[in-house]
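In full-length UniProt numbering, the protein residues as written are 1 to 145.
Set out below in structure tokens:
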């Protein structure tokens, strides 16, 4: 197999599932001698939806939230033995938007995301991973978590 994937973007959220997702990406990256970039998307809070929406506002400043996310991404990379992985934290309206825009700007060949089994209303409405598959500029690997 030639180096089909030279750059793999892995969407993480610092949950326990992130390790499983990154480990699957590592398998693909090793086979292709590809670079790995870990991405954490911070969703913007939209309070224009009405007064009944009561978002929980973090006591941390935006820069503190970004710094903590970067620190956690770096710790995950180091813990899994990929200290040369790049880490990015972006703010976007949605997780999907952040992943798609980052995939485009970094010109990656593969995006790796996790997906939970959907039931009920969530099944009808779709999922972030499903919408990424439809709009991604590259291949997408979905890891069932």
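All C-beta atoms, glycine included, are put in the ideal place defined by N, C-alpha and C.
Around the C-beta of residue 124, are 16 or more other C-beta atoms found within 10 angstroms, so that it is buried, or is it exposed?
-> Residue confidence is low: residue 124 scores 44 on pLDDT, short of 50, so the model does not pin down where it sits. Its coordinate-derived value is still stated next. Per the 10 Å Cβ criterion, exposed.
State the DSSP-derived secondary structure class of residue 86, mapped to helix, strand or coil.
-> strand
Which same chain residues, not among the five before or five after residue 138, have their C-beta less than 7 Å away from its C-beta?
-> 103, 108, 109, 110 and 111
Mind checking whether residue 90 and residue 41 have CB atoms under 7 Å apart?
-> yes
Report buried or exposed for residue 27, applying the criterion of at least 16 other Cβ atoms within 10 angstroms of its Cβ.
-> exposed
Proximal residues to residue 145 (C-beta, below 8 Å), its chain only, five neighbours per side dropped | 17, 20, 21, 114, 115 and 116
Grouping DSSP H, G and I as helix and E and B as strand, with all else coil, what is residue 17?
-> helix
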